[in-house]
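Report on one structure; see the data block that follows.
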Amino acid sequence: MTQDAGWGGGPNSGPPGGYGPYGGGGPPPYGNQPPYGNQPPYGGQPPYGGGPPPPYGSGPPPGWGGWSRPQGPKPGVIPLSPLGLGEILGGAFSTLGRYWAQVLGVAVVVYGAALLVSGAALAVAYAAVGDHLSAVVDTPGRSTPAWDDVQPLIVAFVCLWLVLMATLLLATAMMQTCCPLIVQEAVLGGPVKVAATLLRALSRVPAAIGTVFLSGLIAMIPVLLFITGVVSTVVMFAATGGWDPAAWLILLGFVGSLVLGPLAIWLWVLFSLAPAVVVIESRGPVDALRRSAQLVRGSWWRVCGISLLAFVIASIAGLVLQQVLNVVGALPNTLSSGEFSYEPTLGEIFVAVSGYLLLALVGQLVSQVFSTTFPQLVLNLLYIDQRIRREDLAPSLIAAAGTRPAPYRPAHR
Numbered sequence: 004m005t006q007d008a009g010w011g012g013g014p015n016s017g018p019p020g021g022y023g024p025y026g027g028g029g030p031p032p033y034g035n036q037p038p039y040g041n042q043p044p045y046g047g048q049p050p051y052g053g054g055p056p057p058p059y060g061s062g063p064p065p066g067w068g069g070w071s072r073p074q075g076p077k078p079g080v081i082p083l084s085p086l087g088l089g090e091i092l093g094g095a096f097s098t099l100g101r102y103w104a105q106v107l108g109v110a111v112v113v114y115g116a117a118l119l120v121s122g123a124a125l126a127v128a129y130a131a132v133g134d135h136l137s138a139v140v141d142t143p144g145r146s147t148p149a150w151d152d153v154q155p156l157i158v159a160f161v162c163l164w165l166v167l168m169a170t171l172l173l174a175t176a177m178m179q180t181c182c183p184l185i186v187q188e189a190v191l192g193g194p195v196k197v198a199a200t201l202l203r204a205l206s207r208v209p210a211a212i213g214t215v216f217l218s219g220l221i222a223m224i225p226v227l228l229f230i231t232g233v234v235s236t237v238v239m240f241a242a243t244g245g246w247d248p249a250a251w252l253i254l255l256g257f258v259g260s261l262v263l264g265p266l267a268i269w270l271w272v273l274f275s276l277a278p279a280v281v282v283i284e285s286r287g288p289v290d291a292l293r294r295s296a297q298l299v300r301g302s303w304w305r306v307c308g309i310s311l312l313a314f315v316i317a318s319i320a321g322l323v324l325q326q327v328l329n330v331v332g333a334l335p336n337t338l339s340s341g342e343f344s345y346e347p348t349l350g351e352i353f354v355a356v357s358g359y360l361l362l363a364l365v366g367q368l369v370s371q372v373f374s375t376t377f378p379q380l381v382l383n384l385l386y387i388d389q390r391i392r393r394e395d396l397a398p399s400l401i402a403a404a405g406t407r408p409a410p411y412r413p414a415h416r
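Each residue of the sequence shown is one higher than the one before, counting from 4 in our numbering.
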């Protein structure tokens with residue numbers, strides 16, 4: 004799928020030619036209507052309610068049905084029309100169901116690479132300061148470790164922490180870049196290849212990192228103020244044993260964090276569609292945040308509620324998956340033959356423990372994949388839904404999917 008399909012919001016993003024409001028070519032030009040007076044005489048109309056049934060059955064049956072929201076064609080995981088809550092959540096589950104191998108493959112590559120980098124950094128740090136660590140550990144109980152041994156450990160810990168945080172940020176940005184690419188194809192029912200997805204995502208990772216950093220920094224400011232206020236208050240009471248005039252500044256920071264908390268939540272929701280904008284519309288971090296705010300504005304509560312529900316579902320489902328695999332691994336004879344001698348050997352114990360640890364690792368990976376990808380899939384479907392509602396993206400998606408919109412008719416009574 005290319006920018007010409009209408010995803011990118013560029014000059015070619017309008018509906019393709021021939022797509023009118025309801026899929027036709029628009030109303031006939033003014034003046035081509037039949038002349039006045041050619042209607043059948045009064046009384047020749049069919050009786051009320053006795054007209055012929057429609058030639059197609061896409062609407063509700065005659066009777067008490069009222070108006071129903073028209074549904075667009077569904078070449079992929081969602082209908083190409085404004086989406087409801089059930090269609091957004093169902094589309095996310097359908098994406099995981101249809102493309103589970105691709106999603107799992109991307110996650111294994113991304114988190115596997117992050118794990119390798121973290122292990123390599125830990126090995127390098129241990130090789131650099133292992134002797135100092137042994138000296139500190141072997142220090143007698145009532146003695147103070149030498150500063151020449153403690154200083155390298157502090158430097159190594161800070162460097163290792165920075166590497167781990169950078170690796171985690173890169174893995175998060177990579178997943179947030181891959182999820183829009185998967186959804187982009189899943190909406191149109193197209194194929195998803197792991198290698199192609201990773202290659203396309205690499206070009207947008209720097210912008211995604213900038214977006215994650217900026218949006219996270221905005222949300223973390225109230226939290227940092229709150230932590231600073233609490234720590235400063237505890238230190239002040241421990242040092243002075245009472246209230247100090249300078250404590251009013253600490254109290255002011257504490258109250259300020261509580262006041263800025265709702266503002267941080269509001270900004271986080273406002274910028275929640277920025278990763279999808281970065282990938283699909285190929286915009287920079289600042290422009291993506293501005294574009295996300297434009298799409299969310301007027302639908303803040305809807306986006307907030309659906310996003311919060313997605314995170315709750317992902318957290319609960321991920322925890323349940325992990326616990327189920329842990330219970331299965333703890334059952335007797337699950338990962339071993341159960342033929343232990345009266346005094347188990349070290350090899351038998353190693354086989355049983357390694358099997359349990361392997362299953363626990365798999366459970367952690369599956370839980371992490373679901374907890375990370377499901378909310379991102381929901382947010383990307385919300386991005387598509389907002390563009391369908393605000394910018395009439397559906398005709399462009401229909402053209403990109405190679406389908407024609409179904410004729411629209413209101414429900415009959």
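Heads up, the beta-carbon is just placed ideally off N, CA and C, and yes, glycines get one too.
Less than 8 Å separating the beta-carbons of A126 and L163?
no
Could you tell me if A130 is buried or exposed, where buried requires 16 or more neighbouring beta carbons within 10 angstroms of its beta carbon?
It is exposed - the Cβ of A130 has fewer than 16 other Cβ atoms within 10 Å.
Within this structure, are the beta carbons of A174 and A117 separated by less than 8 Å?
In this structure, A174 lies near A117, with their beta-carbon atoms less than 8 Å apart.
Between G100, W269 and M168, which has its C-alpha nearest I185's C-alpha?
G100
Proximal residues to K196 (C-beta, below 8 Å), its chain only, five neighbours per side dropped
Q105
Using 8 Å as the threshold, is the C-beta distance between I309 and L270 below it?
no
For G52, which residues of its own chain have a beta-carbon under 7 Å away from its beta-carbon, when the five flanking residues on both sides are left out?
Because G52 sits at a pLDDT of 45, beneath the cut-off of 50, its placement in the model cannot be relied upon, and the point is left open.
Please list, in chain order, all residues of the same chain as V296 whose beta carbon is under 8 Å from its beta carbon, the five residues on each side excluded.
The sequence shown places Ala at residue 296, not Val. Excluding residues within five positions, the ones whose Cβ falls inside 8 Å are L273 and F274.
Contact defined as beta carbons within less than 8 Å: I believe V215 pairs with A176. What is the distance between those atoms, to the nearest angstrom?
5 Å
In its own chain, which residues sit with a C-beta less than 8 Å from the C-beta of I91, not counting the 5 before and 5 after it?
I81, I309, V381, L384, L385 and D388
For F160, count neighbouring C-beta atoms within 10 Å of its own C-beta (all shown protein chains included) and say buried if the count is 16 or more, exposed if not.
exposed
Reducing DSSP to helix, strand and coil, say where I167 ends up.
Just to set this straight, residue 167 is Leu in the shown sequence, not Ile. Note: L167 maps to helix in three-state DSSP.
Per-residue burial, T98 [other beta carbons within 10 Å of its own, 16 or more giving buried]
buried
What is the rounded straight-line gap between the Cα of S302 and the Cα of G264?
Roughly 20 Å separates the two Cα atoms.
Reduced DSSP secondary structure (H/G/I, E/B, other) of G264:
helix
Alpha carbon of I157 to alpha carbon of V306, nearest angstrom:
43 Å
Taking C-alpha atoms, which residue in L136, P143, L362 and V365 lies nearest to D152?
L136
Just verifying my parser: in three-state terms, what is the DSSP assignment at R300?
Note: R300 maps to coil in three-state DSSP.
Does the Cβ of S218 have 16 or more other Cβ atoms within 10 Å, making it buried, or fewer, making it exposed?
buried
Roughly how many whole angstroms lie between the Cα atoms of F96 and G89?
10 Å
Do P155 and V132 come within 8 Å of each other at the CB atom, strictly closer than that value?
Yes, these two residues count as a Cβ contact at 8 Å.
If you reduce the DSSP assignment to three classes, tell me which class V195 lands in.
Coil at V195, not helix or strand.
Alpha helix (DSSP H) segment containing L92, residue limits:
L88 to R101
Hey, quick one: how far does the alpha helix (DSSP H) through I401 stretch, first residue to last?
A397 to A404
State yes or no: is the C-beta of A313 within less than 8 Å of the C-beta of F377?
yes
DSSP-derived helix/strand/coil call for P288:
In the three-state reduction of the DSSP assignment, P288 falls in the helix class, which pools H, G and I.
I'd like the list of long-range same chain contacts for E188, defined as Cβ closer than 6 Å, with 5 residues on each side in sequence excluded.
V195
Taking A277 as part of the alpha helix (DSSP H), name the residues at either end of that continuous run.
A277 to I283 is the extent of the alpha helix (DSSP H) around A277.
Does the beta-carbon distance from V369 to L324 come in below 8 Å?
yes
Is the Cβ-Cβ distance between C182 and L201 less than 8 Å?
no
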